[in-house]
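Only one structure is covered here, and it is reproduced in the block below.
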Ligand code: ARG
């Protein structure tokens, strides 16, 4: 076996392409389109002959037969069994000998670090607005963004995790007005409760501005003063952001999240003039009733909906700072890609941002970085509507995490009453937080999902507790057998896989690398979750069917290899999802 067989699907595609190019029947445009096959057809299937034949007016069956004959002679495919099916499909079944070699070679060493080698990618996630506590609406960006940045890093990218705080918005005008009016000394506030206070004061401020125009004007004036550098307002603003970030960090700590930089909107405030000037002089933006806007007239949906870059009163906005941010990330980080993780309601904003950047960078002759908006749906409560507390407010993340851990603790105590308190609390933390993360990640991110404690904490089904339990079971088995659990394992005299359960578990393991590829391609972690769940289920069947104790050494070796490989994939997979694992639970 050679290292480049790691992704079998990809490798088969390369081999079939090469074969086709040495035949004369196919041209360079031929794409073998290797796909995962329905199990009764084999492991993989070459699908591309049909469309190629159609396009080139050839007989697909004849063409498939020729390709099959050539492939059967290829030394690369000596351990695969091939057959023709339908109108020119080539079915590929991996033989037990292939599986033996593959599993032995890659156990504990699936190295993906070449895929994105040399690419610098900024992942912009979490990015909450300051002056408010984080609530359930902030959960998904944090969890999905973290999984994506881990995946990119695992595949060799140089990732920059950037928390683009909303710390320069219009909320500060109202907040500063209300703080001054109530005579509050922000520097003397209790850090524990400061954020709740700010939220309360903000609401008060909003109510005031609605009831009397005078307060609205005051708020506007405070905002202008802040933006103009007024020292008093600046100090209040700093105190608010400081208190906010300390509260956020507590949650990041619990969720196991860290950033490489925290460059919020305010960081770009001095760069917005340059952006506006450039866009205007390059004729990408134009004055429109005093405002500066970018029209994308050749775009169906945006042709009458311009991108507002500067308001008529001269104030810049979310769009302006985001434009400055793209430029900064290009100039400072030399980013090849930028990924934004926010909810689906910001799709228009990002599409317009990307369209504007395309024209801007092309006018400046800057190579366009790959810009992607990774958006997600809403978290729904049991009633199928956006999740809220009984009194109709957003659920604070602090409480949500606390409740998850408390519920997990009760379940763990019930399942394993003999655990000491310290260990129980550790397990509860891993299970509770893992369950919240996994429930989110296992859904296709563009769907809304129903938040259900009972479902996410269940030990049955596609959940974190189920996967964590599978891992603990393998550790317990190793302990019983008196073997270590190291990932890499090169057994000398390993028998060939022969039972139905061994073969099907080995086949499942082979798909790990292509699942990573799929999750990476679409930036959708749920592909990985589905796979890990299926793998754990295959493992469970194998574990129940095939004995490990009292078997011949060569049989034990192959079964140990399957256990180690499964453990390695489950641990690696959960780590990529940002979920901690346990040896005992
Ligand atoms: N602060 C924004 C929000 O709470 C998210 C920011 C996302 N990142 C960005 N560069 N626009 O919705």
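Residue numbers (my numbering): 19 to 603. For every residue, glycine included, the Cβ atom is placed at its ideal position computed from N, Cα and C.
Between the alpha carbons of residue 395 and residue 161 lies a distance of about 13 Å. DSSP places residue 334 in the strand class (E or B) of the three-state scheme. The criterion of a C-beta distance shorter than 8 Å is not satisfied by residue 126 and residue 144.
In the three-state reduction of the DSSP assignment, residue 186 falls in the coil class. Under DSSP, residue 180 takes part in a beta bridge, and its partners are 142 and 279. Not one heavy atom of the ligand ARG falls within 7 Å of the beta-carbon of residue 412. 246 is the residue among 246, 574 and 211 whose C-alpha sits nearest the C-alpha of residue 288. Residue 133 sits in coil when the DSSP states are folded into three classes, being neither helix nor strand. Nearest neighbour of residue 54 by Cα position, chosen from 579, 322 and 532, turns out to be 532. Counting every other CB atom within 10 Å of its CB across the protein chains shown gives residue 56 a total below 16, marking it as exposed. The alpha helix (DSSP H) runs lying completely inside the segment 83 to 127 and spanning 4 residues or more are 114 to 124, given in chain order.
For residue 358, the enclosing beta strand (DSSP E) begins and ends at 355 to 361. Within the model, the alpha-carbon separation for residue 528 versus residue 580 is close to 11 Å. Bridge partners of residue 304 according to DSSP: 311. A distance of 8 Å or more separates the beta carbons of residue 400 and residue 460.
Between residue 554 and residue 545, the gap from beta carbon to beta carbon reaches 8 Å or more. In this structure, the CA atom of residue 227 is about 14 Å from the CA atom of residue 198. Around the beta-carbon of residue 348, 16 or more other beta-carbon atoms lie within 10 Å, marking it buried. Taking a cut-off of 8 Å for Cβ pairs, the segment 308 to 325 and the segment 346 to 361 do not touch, as fewer than three such pairs fall below it.
With a cutoff of 7 Å, residue 184 counts as near the ligand ARG, since its C-beta is closer than that to a heavy atom of the ligand. A check of alpha carbon separations from residue 252 across 449, 240, 263 and 590 identifies 240 as the nearest. Under the three-state reduction of DSSP output, residue 388 falls in the strand class. The beta carbons of residue 512 and residue 118 sit closer together than 8 Å.
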